[in-house]
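Undergrad:
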Amino acid sequence: MNNRWKLALLAILIIGSILVVKILRSTSLPKDSLIRVQAAAYPPPVSPTPLPEQSPAPKPTAMSAPTPLPPIVWNSPPPCMNQPQDIVAWQQLIQEGHDSPDAARQLNTLLRQVRSMSVELSDLREDELTALLSIPDSASDIEIAHRELAVLWLNIAEGYLNRATVVEFPKLPQVHTVGDLIAALEQSLDDNHLNHDLLVVSQALRTGQGISNSVCARLFYLQGGNELHEATWTDNGIVNRLVFSQPPSRDFNWTMGRIVPSPDYQWVAIETSGYEKGGPLFLLNMQTQELINLNESVVPAPGSEQMSGITGGTGLPYGMLALWEVIGWHPDSQHLLIGEDVAGGVFWIDLQSNTYQLIRLEGAGGRGGRELVSLAPDGNGFAYVTGFMDHDNNQRMDFYDLNTGRITTLFTWPLSEGVLYFPRFSPTGDSLAYIVKKKYPDTGRILQVFDLNTHRNTSLFEGDLRWYEPVWSPDTQMVAFSQNEPDELYTANPVMGTTHHGNVWVVSVSNGKARQVTFIQGTASHPIISPDGRWLAFQTHDGHIGLTSPDNPGAIWQVAASLKFPLFTSVFFLP
Numbered sequence: 000m001n002n003r004w005k006l007a008l009l010a011i012l013i014i015g016s017i018l019v020v021k022i023l024r025s026t027s028l029p030k031d032s033l034i035r036v037q038a039a040a041y042p043p044p045v046s047p048t049p050l051p052e053q054s055p056a057p058k059p060t061a062m063s064a065p066t067p068l069p070p071i072v073w074n075s076p077p078p079c080m081n082q083p084q085d086i087v088a089w090q091q092l093i094q095e096g097h098d099s100p101d102a103a104r105q106l107n108t109l110l111r112q113v114r115s116m117s118v119e120l121s122d123l124r125e126d127e128l129t130a131l132l133s134i135p136d137s138a139s140d141i142e143i144a145h146r147e148l149a150v151l152w153l154n155i156a157e158g159y160l161n162r163a164t165v166v167e168f169p170k171l172p173q174v175h176t177v178g179d180l181i182a183a184l185e186q187s188l189d190d191n192h193l194n195h196d197l198l199v200v201s202q203a204l205r206t207g208q209g210i211s212n213s214v215c216a217r218l219f220y221l222q223g224g225n226e227l228h229e230a231t232w233t234d235n236g237i238v239n240r241l242v243f244s245q246p247p248s249r250d251f252n253w254t255m256g257r258i259v260p261s262p263d264y265q266w267v268a269i270e271t272s273g274y275e276k277g278g279p280l281f282l283l284n285m286q287t288q289e290l291i292n293l294n295e296s297v298v299p300a301p302g303s304e305q306m307s308g309i310t311g312g313t314g315l316p317y318g319m320l321a322l323w324e325v326i327g328w329h330p331d332s333q334h335l336l337i338g339e340d341v342a343g344g345v346f347w348i349d350l351q352s353n354t355y356q357l358i359r360l361e362g363a364g365g366r367g368g369r370e371l372v373s374l375a376p377d378g379n380g381f382a383y384v385t386g387f388m389d390h391d392n393n394q395r396m397d398f399y400d401l402n403t404g405r406i407t408t409l410f411t412w413p414l415s416e417g418v419l420y421f422p423r424f425s426p427t428g429d430s431l432a433y434i435v436k437k438k439y440p441d442t443g444r445i446l447q448v449f450d451l452n453t454h455r456n457t458s459l460f461e462g463d464l465r466w467y468e469p470v471w472s473p474d475t476q477m478v479a480f481s482q483n484e485p486d487e488l489y490t491a492n493p494v495m496g497t498t499h500h501g502n503v504w505v506v507s508v509s510n511g512k513a514r515q516v517t518f519i520q521g522t523a524s525h526p527i528i529s530p531d532g533r534w535l536a537f538q539t540h541d542g543h544i545g546l547t548s549p550d551n552p553g554a555i556w557q558v559a560a561s562l563k564f565p566l567f568t569s570v571f572f573l574p
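Under numbering that gives the first Met the number 0, the residue at position 210 of the sequence shown is numbered 209, and the numbers go up by one with no gaps.
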């Protein structure tokens, strides 16, 4: 009897379900009508006005499928012409620097650039530069060579010349580029034996003679995880070439990621990762293309704490879940600071002795990677974000002195105001930009700057900043960043899937005024500013590297493209 009742009840439930479905089907709205009703409650956001050459992408309604992006409209690159400045122009800049803060700032920026690139002029100061530029033509060849070398490096630092600028001088057939000429001059000074033709050619070059192919910008970029390419903007357009390739193999089963050049551009530090674990750091010699496994080539410095080595060795272990990251280079290009993204310590590497020193970061929240650490531009110490240290759950921004080991607190930050990330020193070292991630339920991020002289924090920009580090301009007057547009999603391509709509912005440090630099339908991110401050490179969602001017935003031109595998992991300028 009980079983019959159960069967009857089951039959009633089945019949009832069928009737309900039929009723719903007969009375429901069409599918597209349902979408329109739902979309009415969530009106589409307003997108920024695009450039006149571009067609705005159709705005997707709230419940519709993502709209495919229109192709980016690329402009032709402007004419490229190298116009080096003569001695008188540089003397005038020095004189103006005594009265004009802008000229003084420009001169200090140039001196920093020259000191980092030139071995012969690594200690150059303003008074020494003044003396060099005052050397008469009647002086000795050695003295004139120092003068000409200074003028060449000043023109490179300011972007009037590039080391890849092609020259042609019949008296010196072995000299093909400005870089060749500089190398010959520096070698002659080291040997204390000068070829007088080097001086004649150098004097001709600074007046614009002998240039057969101008170079206005040169970028190196990592493509596809294993190829390093060079893109050169010349008076014949933009030319790309493969510089270095490391195909996957049994001995090299990692993917290359971020690339960081040394200040003298002789070395490139390369971060790597595996599919399930981290990889070692590598150093690439830009001249010989020798690739060195940094983790396996260093040993503990005398008296330094030793890490558990590789298979019983003394190097820095890798192959775990942690990723080794480059935090920064010392200006002498012989030391660099590295760390793991999950370890509460950093490692000071000496490339001359191939040794490392482990520095434990007290209260660093268990992390010592570049999200929380920034090396000062003079290489004498680094700033880092601590964990939540006191009973009030405050964070600290501390400074570690590499010479003394002393730790100084720069400022304290309450957790109620958000979480600190990405500290980045200005090129002069007297300011520190950083990102504040707002605490839930608030959203968005704030770009802040801390003045190390006045000990004041200033909020520069608040919005939906993308999860990237702030980027200083060489003259410290601007900070570049990427920002998402609110609530807009687009389908970028079949490989990358769905991406946010966002662009690159710059903000003035002095007055907080921000302006948009790129105007694309899609994503422009990872800004990097050239050493002369004239150009800004960025990456797009669909596998392009673009170039524009931060001072005259709007027009963009394509430097490189990787449409089949749209992955550019890192870019840097080479002066």
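We put the beta carbon where it would ideally sit given N, CA and C, even for glycine.
(1) Which whole-angstrom value is the C-beta distance of I519 and V570, which I expect to be below 8 Å?
(2) Kindly list the residues whose CB is nearer than 7 Å to the CB of Q557, restricted to its own chain and excluding five residues on each side of it in sequence; keep chain order.
(3) What's the gap between the Cα of R240 and the Cα of V418?
(4) Let me know the beta strand (DSSP E) ranges lying completely inside the region 379-430, each 3 residues or longer, listed in chain order.
(5) With distances taken Cα to Cα, identify the nearest neighbour of S115 among R455, G378 and I291.
(6) I'd like to know whether the C-beta of T231 is nearer than 9 Å to at least one C-beta of chain B.
(7) Using 9 Å as the threshold, is the C-beta distance between A579 and V113 below it?
(8) Which one or two residues does DSSP pair with Y220 in a beta bridge?
(9) Could you give the DSSP three-state label for S121: helix, strand or coil?
(10) What is the rounded straight-line gap between the Cα of W266 and the Cα of Q94?
(11) Alpha carbon to alpha carbon, what distance is there between G278 and V325?
(12) Quick one: measure Cβ to Cβ for F572 and R217, integer angstroms, because I've assumed they're closer than 8 Å.
(13) What is the DSSP secondary structure of F534, counted as helix, strand or coil?
(14) Can you look up S187 in the DSSP assignment and give me helix, strand or coil?
(15) Of the residues E185, Y159, T568 and T457, which one's Cα is nearest the Cα of T206?
(16) Threshold first: 3 residues or longer. Then list the beta strand (DSSP E) segments lying entirely within the region 319-343, N to C.
(17) Is H192 helix, strand or coil by DSSP?
(18) Contact between the region 182-200 and the region 522-537 is defined here as three or more beta-carbon pairs at a separation below 8 Å; is this criterion met?
(19) Is the beta carbon of L221 less than 9 Å from the beta carbon of T522?
(20) Report buried or exposed for E304, applying the criterion of at least 16 other Cβ atoms within 10 angstroms of its Cβ.
(21) With respect to the alpha helix (DSSP H) encompassing E295, which residues constitute its N-terminal and C-terminal limits?
(22) Keeping to the same chain, check which residues put their C-beta closer than 8 Å to that of Q82; ignore five residues upstream and five downstream.
(23) Taking only three categories from DSSP, how would you classify R465?
(24) Distance check for N294 and Y317, CA to CA, integer angstroms please.
(25) Return the first residue and the last residue of the beta strand (DSSP E) that I445 is part of.
(26) Using the Cβ count rule (16 or more neighbours within 10 Å means buried), how would you classify Y355?
(27) Can you tell which of T231, S524, V508 and T457 has the C-alpha that lies nearest to the C-alpha of N483?
(28) Specify the secondary structure class of L241 as computed by DSSP and reduced to three states.
(29) Would you call N154 buried or exposed, if buried means 16 or more other Cβ atoms sit within 10 Å of its Cβ?
(30) So, using beta-carbon positions, are T475 and P552 closer together than 9 Å?
(31) Any heavy atom of the ligand HEM inside 8 Å of the beta-carbon of T453?
(32) Expressed to the nearest angstrom, what Euclidean distance is found between the alpha-carbon atoms of W253 and S137?
(33) I need the straight-line Cα distance from L204 to Q84, nearest angstrom please.
(34) Give every residue of the same chain whose Cβ lies closer than 8 Å to the Cβ of P550, excluding the five residues on either side of it in the sequence, and list them in chain order.
(35) Does DSSP put M477 in a helix, a strand or coil?
(36) Using only alpha-carbon positions, find the residue among D531, P473 and G236 that is nearest to S507.
TA: Let me spell this out:
(1) Rounded, the Cβ-Cβ distance is 17 Å, inconsistent with contact.
(2) W73, H543 and G545
(3) Rounded to the nearest angstrom, the two C-alpha atoms are 42 Å apart.
(4) 380-384, 393-400, 406-413 and 418-424
(5) The residue with the shortest Cα to Cα distance from S115 is G378.
(6) Among the chains of the structure shown, chain B does not appear; only one protein chain is present.
(7) No answer is possible for residue 579: the residues shown for the chain start at 0 and end at 574.
(8) H228 and V570
(9) coil
(10) Distance between W266 and Q94, taken at the CA atoms: about 36 Å.
(11) 13 Å
(12) 7 Å
(13) It is Trp, not Phe, that sits at residue 534 in the sequence shown. The answer is coil: DSSP assigns W534 none of H, G, I, E or B.
(14) helix
(15) Y159
(16) Qualifying beta strand (DSSP E) stretches, in chain order: 323-328 and 334-339.
(17) In the three-state DSSP reduction, H192 falls in the coil class, being neither helix nor strand.
(18) no
(19) no
(20) exposed
(21) L293 to S296
(22) These residues qualify, in order along the chain: Y159 and G207.
(23) coil
(24) 8 Å
(25) Element bounds for I445: R444 to D450.
(26) buried
(27) S524
(28) strand
(29) buried
(30) no
(31) Summarising the ligand content, the structure contains no ligands, and the ligand HEM is consequently not present.
(32) 58 Å
(33) About 10 Å.
(34) This sequence places Asp at residue 550; Pro is not what is there. Taken in chain order, the residues that qualify are R533.
(35) strand
(36) Nearest to S507 by C-alpha distance, out of D531, P473 and G236, is P473.
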